[in-house]
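Undergrad: Structure incoming, see below.
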Amino acid sequence: MILDTTKWKYNKTWVYSITYDEALSELHRFVIPHHEHFGIPGHLEAVVGHMGVERQIGASSYNGFHHMSPAEMREMIAAGWGVGNHSWSHFNVADDPELELLKAREVLEDAIGRAVTVYCAPGSNANLTPFIIDKAKEYGYLAGMGIYDRLNFPDSEDLFFLNRPPLHETFSDLFESIFDPFRRIQQAKKNNGWIIDYLHCPLETAVHDYKDCSAAHHYERLETVTTEGKYDCWFANPDDVVDYRYMRRYAKLQETDANTFKINLEGLPKQVMNRELTFTVQSPHPVTVTLNGNAVSTWQLENGVWAFNAKVEDGDVVRGFY
């Protein structure tokens, strides 16, 4: 018997996530109903120093909108969404990283009642420099998100510059390319990629063509993703995907006896919240699998290969019986 972990949870081929910078209450108008319709979780990037107040930040196109309150964000977490830190002020993070990264994370965690492990750079990639990344690591983050029209992959080592393709009406830095509901999907399917869409708050008409798509295009994107990924896509918020990446990176499967394996998670960061992994079992015969003596449910992937999903801890034992 051969035991291994899968590239993505549930042995899915590719992954889709979608993020909303600023965590605006106006998402309730179109965005959240679209997510409820398609059954896809989202991810809110909260400007911590402005939680629950009207947006008035610089010359933002979204001034006059409203940042979600802690209660609103807790409601979205209960619905399967995730929350990241989008800084304290939405200005230059390097000027005061202790405020923008450390205090912001602590205040946000207290507000929403759970750990915050993902930092989302505000403004531009200028707020995701090596200096800022080093500070994010020092302050206990597990990942950082920037803005690049690229995929992420299951075996890349760097989780502190996750790419997010813009889901906008027009992409100003890409030769004025326009909205495409199929953007990056075929590439993700072919290469086990992870798409993290980036936008703000789609309304009837995009507030700014370079910062959002319309509500109709937002619906079309989610409809396209769910149709294309009906059988082979893992729809997940980035918190869970980051956790899976860490779990898979640190899990060492030690064969201790015939058809018996010990799971070693030595060094796994304590901030990892979701400790589930999907395993494959290769066996020439049908096999019953137990975790710490308890039978687990398996499904067949192909002839001689089975899979199971389980929450695991350091020292757990997987055993197969013919």
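The opening position of the sequence shown corresponds to residue 1 in the numbering used here, with each subsequent residue numbered one higher. The C-beta atom is built at its ideal place from N, Cα and C for all residues, glycine as well. As the structure is a prediction and not an experimental result, all values here were calculated from the model.
On a Cα-Cα basis, can you pick out the residue from Asn152, Ala258, Asp197 that is closest to arginine 183?
TA: Checking every option, the nearest Cα to that of arginine 183 belongs to Asp197.
Undergrad: When the Cβ atoms of the stretch 97 to 110 are set against those of the stretch 134 to 142, are three or more pairs found closer than 8 Å?
TA: They touch, by the three-pair rule.
Undergrad: For glutamine 56, which residues in the same chain have their Cβ closer than 6 Å to its Cβ, ignoring the five residues on either side in sequence?
TA: Closer than 6 Å at the Cβ level, and outside the excluded window around glutamine 56, lie Asn63.
Undergrad: Looking at the secondary structure, which residues open and close the beta strand (DSSP E) in which lysine 252 lies?
TA: That run of the beta strand (DSSP E) goes 252 to 257.
Undergrad: Among residues of its own chain, excluding the 5 on either side of arginine 105, which ones have a beta-carbon nearer than 6 Å to its beta-carbon?
TA: Taken in chain order, the residues that qualify are Asn85, Val116.
Undergrad: Have a look at Thr5, Tyr10, Thr19 and flag the residue whose alpha-carbon is nearest the alpha-carbon of aspartate 323.
TA: There is no way to answer for residue 323, as the model of the chain reaches only from 1 to 322.
Undergrad: Grab me the residues of histidine 66's own chain with a C-beta within less than 6 Å of its C-beta, minus the 5 sequence neighbours each way, in chain order.
TA: If we look at histidine 66 and ignore the five residues flanking it on each side, its Cβ neighbours are Ser25, Glu54.
Undergrad: Do you know how far the Cα of phenylalanine 308 is from the Cα of glutamine 282?
TA: Rounded to the nearest angstrom, the two C-alpha atoms are 12 Å apart.
Undergrad: Looking at tryptophan 88 and the ligand GDP, is the gap between the Cβ and the nearest heavy atom below 7 Å?
TA: Although the ligand GDP was asked about, the structure shown includes no ligands whatsoever.
Undergrad: What is the C-beta distance between valine 48 and tryptophan 88, in whole angstroms, given that I count them as a contact (C-beta under 8 Å)?
TA: At roughly 5 Å, the Cβ-Cβ gap stays under 8 Å, so valine 48 and tryptophan 88 are in contact.
Undergrad: Compute the distance between the beta-carbons of histidine 90 and glycine 123, then report whether it is under 8 Å.
TA: Their beta carbons are under 8 Å apart, which means histidine 90 touches glycine 123 by this criterion.
Undergrad: Report the three-state DSSP secondary structure of asparagine 191 (helix, strand or coil).
TA: Residue state, collapsed to three classes: helix.
Undergrad: Quick one: does alanine 94 have its CB under 8 Å from some CB of chain D?
TA: Of the protein chains in the structure, only one exists, and it is not chain D.
Undergrad: Can you pull the DSSP bridge partners for tryptophan 234?
TA: Paired residue(s): Val15.
Undergrad: Please go through the same chain and pick out, in chain order, the residues whose beta-carbon is closer than 7 Å to the beta-carbon of proline 97, but skip the five residues on each side of it.
TA: Taken in chain order, the residues that qualify are Ile132, Lys135.
Undergrad: With a 10 Å radius around its C-beta and 16 neighbouring C-beta atoms as the bar for buried, classify glutamate 22 as buried or exposed.
TA: Buried, since its Cβ has 16 or more Cβ neighbours within 10 Å.
Undergrad: Can you give the Cα-Cα distance for glutamine 186 and proline 238, rounded to whole angstroms?
TA: Between glutamine 186 and proline 238, the C-alpha separation is close to 20 Å.
Undergrad: For proline 165, count the other beta carbons within 10 Å of its own beta carbon; 16 or more makes it buried, fewer makes it exposed. Which is it?
TA: Buried: at least 16 other Cβ atoms inside 10 Å.
Undergrad: Going by beta-carbon coordinates alone, are threonine 260 and valine 312 separated by less than 8 Å?
TA: In this structure, valine 312 does not lie closer than 8 Å to threonine 260 by Cβ.
Undergrad: What are the boundary residues of the beta strand (DSSP E) that leucine 162 is part of?
TA: Here leucine 162 belongs to no beta strand (DSSP E), and DSSP marks it neither H nor E.
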